[in-house]
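Novice:
Dropping the structure here:
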């Protein structure tokens, strides 16, 4: 049944849903500009504009008659029906900014260079020798011309990440948020669904990019936290001390931006977003070998001047970052088990990984 579901999801997944990959080795970290203040200002300004528009259209005042259920919070988060309640309208408008490429002007501005980012040409990256047998979307002939094959790099809170990690926060994070905080799905099941998505249409098989990215899973999880903090109706899953919201409140029928609680992406981004620390796995053994061969060439070129060309680059730092994720979930595991790989770059197991 699981094998059939995996194949079925691959057939149905749209090409635009496939995530890009990230190269954390070719550029030195100091070459990537820190844009934390810029994107924080962008996000908070966008929220302000959204609330102004919503308030002109009735704000958060509940309708006189309760509307029929719209199924707005169903799983098909990319094709949601028209919003009916004030809260649904709020989320719908927020999703014009905080979503995947194509739907999000925020992400589009990063990809297109209107917000500063660093671009590594695919052929000059650690995936430069990728073939269609290692991962079709990275190895196909047109991949080098696609801005969605290899993600541009940005620096947030001092950490170098791919723009794709912001997409995972906004897109898959929203799906996690709906499942856990709106529908009440248990955290273990939410995390398992995310793993299945990463193994199928989000990259981790040879029909996609061939890269199973634990750092994407970390971004998904923290994106759920970001969306929960918008209205902060429930405590953060990591504990009350991480209640950074509400960023938005409802006062006297009007949406208000909380002046004491502003969006700061540095609260969500940490070392687990970096693929040279939170190690990726690969769909094929030859993919593992090619990746390690690329790291070997970089180490031969740069020596120890740029730190280690291995993964995890610093196991002690990774353990320090993992500490806050050691929160139990049902089934006897902790959150870090589902989003962090400490074992290095290996071949992924599709049916026994977790």
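Residue numbers (the working numbering): 5 to 358. Built from N, CA and C at the ideal position, the CB exists for glycine as well. Predicted, not measured: the structure shown is a model, and the values here were computed from it.
1) Is residue 25 helix, strand or coil by DSSP?
2) Report yes or no: do the region 267-274 and the region 24-44 share at least 3 C-beta pairs separated by less than 8 Å?
3) Can you list the beta strand (DSSP E) stretches of 3 or more residues lying completely in the region 163-201, in chain order?
4) Can you grab the Cα-Cα spacing for the pair residue 332 / residue 304, in whole Å?
5) Any chance you could list the alpha helix (DSSP H) runs of at least 4 consecutive residues sitting entirely within the region 89-119, in chain order?
6) Is it true that the region 219-238 meets the region 271-286, where meeting means three or more beta-carbon pairs spaced less than 8 Å apart?
7) Let me know the secondary structure DSSP gives residue 231 once reduced to three states.
8) In chain order, what residues of the same chain lie with their CB nearer than 8 Å to the CB of residue 63, ignoring the 5 residues before and after it?
9) Pick from 161, 178, 296 and 136: whose alpha carbon is nearest that of residue 153?
10) Among residues of its own chain, excluding the 5 on either side of residue 343, which ones have a beta-carbon nearer than 7 Å to its beta-carbon?
11) Answer yes if the region 195-207 comes into contact with the region 298-318, meaning at least three C-beta pairs across the two stretches below 8 Å, and no otherwise.
12) Note down, in chain order, each residue of its chain lying with its Cβ closer than 7 Å to the Cβ of residue 240, except the 5 sequence neighbours on either side.
13) Is the number of C-beta pairs between the region 313-328 and the region 152-168 that are closer than 8 Å three or more?
14) Look at the Cβ atom of residue 129, then the Cβ atom of residue 27, and state whether they are nearer than 8 Å.
15) So the candidates are 212, 104 and 30; which of them puts its Cα closest to the Cα of residue 122?
16) Within its chain, find whatever has a CB closer than 6 Å to the CB of residue 68; leave out the 5 residues flanking it on each side and keep chain order.
17) Pull up the distance between the alpha-carbon of residue 283 and that of residue 215, whole angstroms please.
18) Pick out the complete alpha helix (DSSP H) segments inside the region 266-323, 4 residues or longer, and give them in chain order.
19) Strictly by DSSP, which residues pair up with residue 259?
20) Roughly how many angstroms separate the alpha carbons of residue 291 and residue 242, rounded to a whole number?
21) How would you call residue 182, buried or exposed, if buried means at least 16 neighbouring beta carbons within 10 angstroms?
22) Nearest to residue 96 by CA position, among 264, 279, 55 and 281, is which residue?
23) Would residue 350 pass as a contact of residue 213 if the rule is Cβ separation under 8 Å?
24) Can you name the start and end residues of the alpha helix (DSSP H) that residue 157 belongs to?
25) Taking the straight line between their C-alpha atoms, what separation do you get for residue 335 and residue 117?
26) Quick check on residue 278: buried or exposed, where buried means 16 or more other Cβ atoms within 10 Å of its Cβ?
27) Taking the alpha carbon of residue 98 as the point to measure from, which residue in 50, 142, 340 and 66 has its own alpha carbon closest?
28) Just to confirm my understanding: we take residue 185, look at its own chain, exclude 5 residues before and 5 after, and list those with CB closer than 6 Å. What are they?
29) With distances taken Cα to Cα, identify the nearest neighbour of residue 144 among 236, 353 and 131.
30) Going by DSSP in three states, residue 38 sits in which element: helix, strand or coil?
31) Work out the CA separation of residue 105 and residue 346 for me, nearest whole Å.
32) Starting from the C-beta of residue 192, find all residues in its chain whose C-beta is less than 6 Å away, skip the five residues before and the five after it, and write them out in chain order.
33) Just verifying my parser: in three-state terms, what is the DSSP assignment at residue 58?
34) So what does DSSP say about residue 216, is it helix, strand or coil?
Specialist: Judging by the given coordinates:
1) Translated into positions along the chain shown, residue 25 becomes position 21. Under the three-state reduction of DSSP, residue 25 is assigned to strand.
2) yes
3) 163-166
4) The residue given as residue 332 occupies position 328 in the chain shown. The residue given as residue 304 occupies position 300 in the chain shown. Taking the straight line from one Cα to the other gives about 42 Å.
5) Every alpha helix (DSSP H) of 4 residues or more that sits fully in the region 89-119 is shown, in chain order, as 90-98 and 109-116.
6) In the pairwise beta carbon analysis, the region 219-238 is classified as touching the region 271-286: at least three pairs are separated by under 8 Å.
7) As a working note, residue 231 is residue 227 in the chain shown. Helix.
8) Within the chain shown, numbered from 1, the residue matching residue 63 stands at position 59. Answer for residue 63: 90, 254, 257, 258 and 259, listed in chain order.
9) Residue 153 sits at position 149 when you count from the first residue of the chain shown. Measuring from the Cα of residue 153, the nearest candidate turns out to be 136.
10) Counting from one through the chain shown, the residue named residue 343 turns up at place 339. Only 218, 221, 222, 225, 276 and 329 meet the Cβ criterion.
11) no
12) Taking the chain shown and counting its residues from 1, one reaches residue 240 at position 236. 229, 232, 246 and 247, listed in sequence order.
13) no
14) Locating residue 129 in the chain shown gives position 125, where the first residue counts as 1. Locating residue 27 in the chain shown gives position 23, where the first residue counts as 1. Cβ atoms of residue 129 and residue 27: closer than 8 Å.
15) Against the chain shown, residue 122 aligns to sequence position 118. Checked all of 212, 104 and 30; the closest Cα to residue 122 is 30.
16) Looking up residue 68 in the chain shown gives position 64. In this prediction, residue 68 scores a pLDDT of 49, lower than 50, which makes its location untrustworthy; the coordinate-derived value is nonetheless stated afterwards. Its chain contains no residue whose beta carbon lies nearer than 6 Å to that of residue 68 once the 5 sequence neighbours on both sides are disregarded.
17) Position 279 of the chain shown, counted from the start, is the residue given in the question as residue 283. Position 211 of the chain shown, counted from the start, is the residue given in the question as residue 215. Rounded to the nearest angstrom, the two C-alpha atoms are 10 Å apart.
18) 289-306
19) Along the chain shown, one-based indexing puts residue 259 at 255. According to DSSP, which records beta bridges pairwise, residue 259 is partnered with 254.
20) Within the chain shown, the letter at position 287 stands for residue 291. Within the chain shown, the letter at position 238 stands for residue 242. Here the alpha carbon of residue 291 sits roughly 35 Å from the alpha carbon of residue 242.
21) Along the chain shown, read from residue 1 onward, the residue named residue 182 stands at position 178. Under this definition residue 182 is a buried residue.
22) Counting from 1 along the chain shown, the entry for residue 96 is found at position 92. Considering only alpha carbons, the answer is 55.
23) Translated into positions along the chain shown, residue 350 becomes position 346. Translated into positions along the chain shown, residue 213 becomes position 209. No.
24) The residue labelled residue 157 in the question sits at position 153 within the chain shown. Here residue 157 belongs to no alpha helix (DSSP H); instead the beta strand (DSSP E) covers 157-160.
25) Position 331 of the chain shown, counted from the first residue, corresponds to residue 335. Position 113 of the chain shown, counted from the first residue, corresponds to residue 117. Going from the Cα of residue 335 to the Cα of residue 117 covers about 44 Å.
26) Counting from 1 along the chain shown, the entry for residue 278 is found at position 274. It counts as buried.
27) Your numbering for residue 98 matches position 94 in the chain shown. Of 50, 142, 340 and 66, the residue nearest in Cα terms is 50.
28) Along the chain shown, one-based indexing puts residue 185 at 181. 232 and 238.
29) Mapped onto the chain shown, residue 144 falls at position 140. Answer by Cα proximity: 131.
30) As a working note, residue 38 is residue 34 in the chain shown. It is a strand residue.
31) Taking the first residue of the chain shown as position 1, residue 346 is located at position 342. Taking the first residue of the chain shown as position 1, residue 105 is located at position 101. Roughly 30 Å separates the two Cα atoms.
32) Translated into positions along the chain shown, residue 192 becomes position 188. Cβ neighbours of residue 192 beyond the five flanking positions: 333, 334 and 335.
33) Residue numbering aside, residue 58 sits at position 54 when the chain shown is read from its first letter. Residue 58 falls in the helix class under three-state DSSP.
34) Numbered from 1 along the chain shown, position 212 holds the residue referred to as residue 216. Three-state result, residue 216: strand.
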